[in-house]
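Enquirer:
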Amino acid sequence: MSGTGEMIPPLVERIKATLVGLKMPRALEIVDTTVRRLERGELSALEAVDALLSEELSLRESRRVKTALVMARLSTIKTLSSFDFAFQPSLDRTRILALAELGFVDRCEVLHFLGPPGTGKSHLAVALGVEAVKAGRSVYFTTLADLVGTLARAEREGTLREKIRSFCRPALLIVDEIGYLPVVPGGGNLFFQLVNARYERGAMILTSNRGFAEWGEVFGDPVVATALLDRLLHHAVVVQIEGSSYRLRQHTALMPEHIRSKAALQAPPLAPPPRRRGRPPKNGGAHLGIA
Ligand code: ADP
Ligand code: MG
Numbered sequence: 019m020s021g022t023g024e025m026i027p028p029l030v031e032r033i034k035a036t037l038v039g040l041k042m043p044r045a046l047e048i049v050d051t052t053v054r055r056l057e058r059g060e061l062s063a064l065e066a067v068d069a070l071l072s073e074e075l076s077l078r079e080s081r082r083v084k085t086a087l088v089m090a091r092l093s094t095i096k097t098l099s100s101f102d103f104a105f106q107p108s109l110d111r112t113r114i115l116a117l118a119e120l121g122f123v124d125r126c127e128v129l130h131f132l133g134p135p136g137t138g139k140s141h142l143a144v145a146l147g148v149e150a151v152k153a154g155r156s157v158y159f160t161t162l163a164d165l166v167g168t169l170a171r172a173e174r175e176g177t178l179r180e181k182i183r184s185f186c187r188p189a190l191l192i193v194d195e196i197g198y199l200p201v202v203p204g205g206g207n208l209f210f211q212l213v214n215a216r217y218e219r220g221a222m223i224l225t226s227n228r229g230f231a232e233w234g235e236v237f238g239d240p241v242v243a244t245a246l247l248d249r250l251l252h253h254a255v256v257v258q259i260e261g262s263s264y265r266l267r268q269h270t271a272l273m274p275e276h277i278r279s280k281a282a283l284q285a286p287p288l289a290p291p292p293r294r295r296g297r298p299p300k301n302g303g304a305h306l307g308i309a
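Sequential numbering from 19 applies to the sequence shown in our numbering.
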């Protein structure tokens with residue numbers, strides 16, 4: 019309640035009632051202070067209108083982002099600003115910041131992060147997902163194991179088509195941790211059905227600690243792996259990280275020599291792009307953007 023009591027002009031009361039009707043809680047909250055600042059000459063009338071509207075908009079925006087991040091299953095702890103590019107010199111900062119402009123999402127491309135454990139693949143995938151949510155795109159984050167588990171359950175329950183359709187809805191689907199766990203039998207086939215359904219219709223970010231040449235082993239089926247890569251490397255951007263683990267950065271001295279050198283040297287090998295149907299790409303595969 020304002021201390022000015024009955025001195026509040028009826029117009030302000032009407033504005034308040036209107037703000038209630040319009041469901042503008044933040045503007046309602048600051049209307050008294052704004053009017054006081056206006057009366058003291060600290061704000062012009064236009065500045066007062068601007069203050070009310072922009073405060074309300076930023077409240078709505080932060081609520082929208084918060085809800086969308088929960089829906090997307092993304093954490094805001096992993097952001098581009100919290101990523102230390104100096105620690106990972108094999109990564110081109112400018113290139114990652116260009117990816118944050120989200121052109122790849124609009125072009126329905128597939129972005130691959132490849133590299134050994136702890137090199138920031140999941141961090142960057144989440145951070146780009148957060149950027150996409152802020153920019154108003156729908157995003158969903160999952161691991162390959164969870165995704166395959168969900169699809170397998172849907173198949174058992176006879177709802178696979180619906181489930182695949184629901185995974186096609188987000189503009190950006192992030193599938194983390196390809197290669198850490200062996201895919202359950204039939205899982206590669208289910209993942210292929212989803213990838214095929216999203217092909218050229220929605221963007222994806224995939225992270226893997228295994229090179230494409232090893233995907234036959236990861237999916238337990240070289241035929242499925244080839245068909246997957248056929249879709250996943252057409253319109254693709256590949257970011258290869260060749261550094262050491264950020265998780266182990268304080269313990270390098272304690273690490274056994276073979277792990278230390280492995281982390282630094284054994285980035286997953288890149289397979290040559292598989293043959294794909296139709297015309298060969300005009301720019302001879304430069305679209306793959308292999309770093
Ligand atoms: P990966 O998915 O490649 O195994 P993560 O992205 O999970 O690795 O990174 C492991 C941990 O280290 C996470 O907590 C992540 O936030 C952090 N991390 C990795 N690289 C960096 C970096 N360059 N700057 C800041 N934090 C990093
Ligand atoms: Mg990871």
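Every residue gets a Cβ at the ideal spot worked out from N, C-alpha and C, and that includes glycine.
Look up T85 in the DSSP assignment and say whether it is helix, strand or coil.
Expert: helix
Enquirer: Just jot down, in chain order, the residues whose CB lies closer than 6 angstroms to any heavy atom of ligand 2.
Expert: K139, S140, D194, E195, T225
Enquirer: Here's the rule: buried if 16 or more other CB atoms are within 10 angstroms of the residue's CB, otherwise exposed. What is T85?
Expert: exposed
Enquirer: Helix, strand or coil for L29? Go by DSSP, reduced to three states.
Expert: L29 falls in the helix class under three-state DSSP.
Enquirer: Helix, strand or coil for F101, going by three-state DSSP, please let me know.
Expert: If DSSP states are grouped into helix, strand and coil, F101 belongs with coil.
Enquirer: Give the straight-line distance between the Cα atoms of L191 and D50, rounded to the nearest whole angstrom.
Expert: 45 angstroms
Enquirer: Hey, how far is the Cα of M313 from the Cα of L266?
Expert: Beyond the ends of the chain as shown, which are 19 and 309, falls residue 313; an answer cannot be given.
Enquirer: Do you know offhand how far V88's Cα is from L224's?
Expert: 20 angstroms
Enquirer: Taking 6 angstroms as the cut-off, is the beta-carbon of Q258 closer than that to any non-hydrogen atom of ligand 1?
Expert: no
Enquirer: If you follow the beta strand (DSSP E) that H141 is in, where does it begin and where does it stop?
Expert: H141 -> not in any beta strand (DSSP E); alpha helix (DSSP H) instead, spanning 139-152.
Enquirer: Which whole-angstrom value describes the C-beta separation of V166 and V213, a residue pair presumed to lie in contact below a C-beta threshold of 8 angstroms?
Expert: In fact, because the Cβ distance is near 12 angstroms, the residues do not count as touching under 8 angstroms.
Enquirer: Excluding the 5 residues preceding and the 5 following V123 in the sequence, name in chain order all residues of the same chain whose CB lies nearer than 7 angstroms to its CB.
Expert: Excluding sequence positions up to five before and after V123, its CB lies within less than 7 angstroms of the CB of A150, R155, A189, L190, A221, all in the same chain and listed in chain order.
Enquirer: Assign E127 to buried or exposed, taking buried as 16 or more other Cβ atoms, counted over all protein chains shown, within 10 Å of its Cβ.
Expert: Buried, because 16 or more other Cβ atoms sit within 10 Å of the Cβ of E127.
Enquirer: So, are the CB atoms of Y217 and R171 less than 7 angstroms apart?
Expert: Contact flag unset, no.
Enquirer: For a quick check, are the C-beta atoms of Y264 and G147 less than 7 angstroms apart?
Expert: At the C-beta level, Y264 and G147 stay beyond 7 angstroms of one another.
Enquirer: Excluding five sequence neighbours on each side, which residues of the same chain lie with their C-beta closer than 7 angstroms to the C-beta of P82?
Expert: Correcting the residue identity first, residue 82 is Arg in this sequence and not Pro. Around R82: no qualifying Cβ.
Enquirer: Distance check for Y198 and R228, CA to CA, integer angstroms please.
Expert: 8 angstroms
Enquirer: Tell me whether the beta-carbon of I335 lies closer than 7 angstroms to the beta-carbon of E73.
Expert: Nothing about residue 335 can be reported from this structure: the residues present for the chain run from 19 to 309 only.
Enquirer: At the level of alpha carbons, what is the spacing between A282 and A254?
Expert: Note that A282 has pLDDT 43, beneath the 50 cutoff, so the model's placement of it is unreliable and no number is given.
Enquirer: Taking C-alpha atoms, which residue in G204, V242, I182 lies nearest to R219?
Expert: I182
Enquirer: Please confirm whether T94 and A69 have their CB atoms less than 7 angstroms apart.
Expert: Taking 7 angstroms as the cut-off, the Cβ atoms of T94 and A69 do not count as close.
Enquirer: Looking at R228 and ligand 1, is the gap between the Cβ and the nearest heavy atom below 6 angstroms?
Expert: no
Enquirer: Which same chain residues end up closer than 6 angstroms to Q56 when comparing Cβ atoms and leaving out the 5 residues on each side of it in sequence?
Expert: The sequence given here places Leu at residue 56; Gln does not occur at that position. So the qualifying residues of the chain are A66.
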